[in-house]
Amino acid sequence: MRTRIVCTIGPASEKEDVLREMIRAGMDVARLNFSHGAHEDHARRVALIRRIAAEENAHVALMGDLQGPKFRVGDLPPAGIPLQPGATCALSASAPAPAIPFPHPEVIAACGVGQRLLIDDGAMVLEVVDHLADGGLLCRVIFGGTLTSRKGVSAPGAKVKVSSITPKDARDVGFAIAQGLDALALSFVRRADDVNELRDLVHQLGGNPLLVAKIEKPEAIDDLDAIIHAADVVMVARGDLGVEAAPEEVPFYQKRIIRRCQLNGKPVITATQMLQSMIHTASPTRAEASDVANAVLDGTDAVMLSAETASGDFPVESVRAMARIAHNAEAHLIESQRLTGMGNLRPQRSPAHSAVDVITDAVTCEAVELAEDIDAQAIVCTTSSGHTARMVARHRPAVRILTLTSDPRTRAYTAFMWGVEAELRPLPGDVEEMFSAAAAVAAARGFAKTGDRIIITAGLPMGAGAGHTNVVKVQVVP
354 MRTRIVCTIG
364 PASEKEDVLR
374 EMIRAGMDVA
384 RLNFSHGAHE
394 DHARRVALIR
404 RIAAEENAHV
414 ALMGDLQGPK
424 FRVGDLPPAG
434 IPLQPGATCA
444 LSASAPAPAI
454 PFPHPEVIAA
464 CGVGQRLLID
474 DGAMVLEVVD
484 HLADGGLLCR
494 VIFGGTLTSR
504 KGVSAPGAKV
514 KVSSITPKDA
524 RDVGFAIAQG
534 LDALALSFVR
544 RADDVNELRD
554 LVHQLGGNPL
564 LVAKIEKPEA
574 IDDLDAIIHA
584 ADVVMVARGD
594 LGVEAAPEEV
604 PFYQKRIIRR
614 CQLNGKPVIT
624 ATQMLQSMIH
634 TASPTRAEAS
644 DVANAVLDGT
654 DAVMLSAETA
664 SGDFPVESVR
674 AMARIAHNAE
684 AHLIESQRLT
694 GMGNLRPQRS
704 PAHSAVDVIT
714 DAVTCEAVEL
724 AEDIDAQAIV
734 CTTSSGHTAR
744 MVARHRPAVR
754 ILTLTSDPRT
764 RAYTAFMWGV
774 EAELRPLPGD
784 VEEMFSAAAA
794 VAAARGFAKT
804 GDRIIITAGL
814 PMGAGAGHTN
824 VVKVQVVP
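Be aware that the sequence shown starts at 354, since it is given in this note's numbering, and climbs by one per residue.
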């Protein structure tokens, strides 16, 4: 299977036997959701995943998912308070009951008359009708319900001035770096500067994890290309995106984000409610199977399971179902690209693109076409940063992709890349030794056998650094 599977680890999946079966079923990335659980819980899961992966001779990358700025109502009576359609209510950061406590003056300040507030992912909806003298909001109830403590509130379209990294996030970043996690996902990214701020923070703390930008606010679409450039991986976080934007717009946001990532050679994850029914049932609905398959056909590198594996009744079955659906879709994807040439993607380059980028684009494109023309069995990328592997993978070649790297971070990066398998080993300093090593590893890993042709990409001079791929060679496996 080429498509990567990201699984959220929680109470349903933290037992050893369950994790082992999830790895065997195809889990490539284990997601730790920092919105839930203490650091001690996550540390225990990290150690267990690493031990089981080593025993299974599997590579599983570890990703911490930061909570980000969440806006919630304060504490309410245990029974909650009823919100009746057509009635009015007050939200205030400071006023006493009967006002609903809402300790977020930055959100209140960003809301004008007519602004809609969605509570509990849209289960209840309020509309601002006036600003109160105490700095609160007077709202009319559009869709009612019983409001209980700590329910989330979103204000679609409001320009809330708040950092994407909260004090809690900063503590979680420190924990993630201390644990050596491979990746960190940043929630509610609005602009490229949010990603850059997180990168500065992890560097200050002595870490260098991959950074995943979660696109879940429509305003991020306005800065999409810059966000893609700033991040290592992008996630289409459809849950909050479907709250902030109209649900009917989400499929088209998904396609646009995936396409822009594919054009620029950045791995992209499609997430949220992909197999939602499998939280309580042992097989997916036909609509869910179509959803996963269409994400693969759109060009996603990875698909993600959330509550299905974190708290659902069938975590292992969910991974197996995801793998089956993705594997079947891949066959159609590869055949479609063979017939239409859809895999021949050349990114739109900005003036910031260097001559090195242009050469790497051309070399990787030709490597894929050459592999098809000569019936090669594999493309072997020698890389320090993973850039070459990303640029090859975006073409979705029919042949397997093997990456040789000496950098553990790059090996972890390949866990997010469609169809890329990695071999962590020292890279020879001599180019001929490099070609021989590539052929030997391809044979040892079962990518090719004696007499088969493989395609090798490399950068000369050796050791020139990331993004200097300028050689493509046809090699016969001895």
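Virtual Cβ for every residue (Gly too), placed ideally from N, Cα, C. Owing to the predicted nature of the structure, the values given are computational and were not obtained by experimental measurement.
Reference residue i, options the options, closest by Cα
i: Ile807; options: Glu725, Arg762, Gly739, Thr822; result: Glu725
i: Leu777; options: Thr758, Met770, Ala793; result: Thr758
i: Asp474; options: Ala508, Ile453, Ile712; result: Ala508
i: Asp883; options: Ala795, Val752, Gly739; result: The structure shown does not extend to residue 883, since the chain is modelled only from 354 to 831, so the question has no answer here.
i: Asn386; options: Lys802, Glu774, Arg753, Leu537; result: Leu537
i: Val721; options: Ala715, Pro750, Asp710, Arg398; result: Pro750
i: Gly618; options: Pro454, Arg743, Ala406, Val773; result: Arg743
i: Leu490; options: Gly497, Leu500, Arg469; result: Arg469
i: Ser643; options: Met631, Ala682, Ala663; result: Ala682
i: Asp728; options: Pro779, His556, Gln828; result: Gln828
i: Pro431; options: Glu480, Ala486, Lys504; result: Lys504
i: Leu479; options: Leu485, Phe496, Ala365; result: Phe496
i: Glu459; options: Cys442, Lys423, Gly467, Ala443; result: Lys423
i: Gly467; options: Pro451, His484, Pro600, Arg764; result: His484
i: Arg753; options: Ile453, Ala679, Gln420, Gly772; result: Gly772
i: Ala523; options: Thr356, Pro761, Ser388, Glu785; result: Ser388
i: Ile402; options: His457, Ala793, Gly363; result: Gly363
i: Asp805; options: His821, Val830, Ala793; result: Val830
i: Pro435; options: Ala765, Met631, Ile453; result: Ile453
i: His748; options: Val426, Val603, Glu719, Ala793; result: Glu719
i: Ala746; options: Met770, Gly421, Glu393; result: Met770
i: Glu597; options: Gly510, Gln557, Val555; result: Gly510
i: Arg798; options: Glu774, Pro451, Ala407; result: Glu774
Close Cβ partners of residue i (< 8 angstroms) along its chain, the five nearest in sequence each way excluded
i: Gln629; result: Glu641, Ala660, Glu661
i: Asp576; result: Arg543, Arg544, Ala545
i: Gly439; result: Arg493, Val494
i: Val621; result: Val586, Val587, Met588, Val589, Ile610, Ile611, Cys614, Gln615, Gly652, Thr653, Asp654, Ala655
i: Ala365; result: Val371, Thr662, Ala663, Ser664, Gly665, Asp666, Pro668
i: Ser447; result: Asp487, Gly488, Gly489
Bridge partners - residue i, DSSP secondary structure assignment
i: Arg469; result: Glu480
i: Ile568; result: Val589
i: Leu372; result: According to DSSP, Leu372 bridges with nothing at all.
i: Thr441; result: Arg493
i: Glu776; result: Leu757
i: Met416; result: Arg384, Ala536
i: Arg826; result: What sits at residue 826 in the sequence shown is Lys, not Arg. Answer is Ile809.
i: Pro454; result: Ser445
Same chain, Cβ closer than 7 angstroms to residue i, neighbours up to 5 away in sequence not counted
i: Thr625; result: Ala590, Arg591, Gly592, Ser659
i: Lys608; result: Asp651
i: Met380; result: Ile358, Cys360, Val413, Val672
i: Ala708; result: Legend: pLDDT at Ala708 = 49, less than 50; position of this residue unreliable, value from coordinates given subsequently. None.
i: Thr501; result: Leu429, Gly433
i: Ile405; result: Glu369, Leu372, Arg373, Ile376
i: Asp525; result: Phe387, Gly417, Leu419
i: Val399; result: Leu415, Gln532
i: Gln437; result: Val494, Gly497
Cβ shell of residue i (< 6 angstroms), same chain only, five flanking positions each side left out
i: Met695; result: Below a pLDDT of 50, predicted positions are generally treated as unreliable, and Met695, at 46, falls in that range; the measurement from the model is reported next regardless. Answer for Met695: no residue qualifies.
i: Ile712; result: Asn823
i: Arg702; result: Only weak support is given to the placement of Arg702: the predicted model assigns it a pLDDT of 45, under 50, and the value that follows is read from those uncertain coordinates. Around Arg702: no qualifying Cβ.
i: Thr623; result: Val589, Ala648, Thr653, Val656
i: Val733; result: Leu755, Ala791, Ala795, Ile807, Ile809
i: Pro700; result: Because Pro700 sits at a pLDDT of 44, beneath the cut-off of 50, its placement in the model cannot be relied upon, and the point is left open.
i: Val382; result: Val359, Ala414, Met416, Ala768
i: His395; result: Leu385
i: Ala583; result: Ala545, Val548, Asn549
Any chain B beta carbon closer than 8 angstroms to residue i
i: Ser659; result: Here chain B cannot be found, since the structure has a single protein chain.
Distance between beta carbons of residue j and residue i, contact taken as under 8 angstroms
i: Phe667; j: Ala635; result: 5 angstroms
i: Val548; j: Ile518; result: Contact flag wrong, Cβ pair sits at about 10 angstroms.
i: Ala676; j: Met416; result: So it is not a contact: roughly 19 angstroms between Cβ atoms.
i: Met631; j: Ala674; result: 7 angstroms
i: Asp714; j: Ser737; result: Going by Cβ atoms, the distance from Asp714 to Ser737 rounds to 18 angstroms, so no, they are not a contact pair.
i: Val506; j: Arg425; result: 6 angstroms
Beta carbon of residue i nearer than 8 angstroms to that of residue j
i: Val825; j: Leu686; result: no
i: Met787; j: Thr735; result: yes
i: Leu564; j: Leu551; result: yes
i: Ala529; j: Pro571; result: no
i: Ala684; j: Ala731; result: no
i: Leu444; j: Phe455; result: yes
i: Lys567; j: Leu539; result: yes
i: Gly465; j: Val482; result: no
The ligand SAM heavy atom lying under 7 angstroms from the CB of residue i
i: Lys521; result: As for the ligand SAM, it is missing from this structure, which has no ligand bound.
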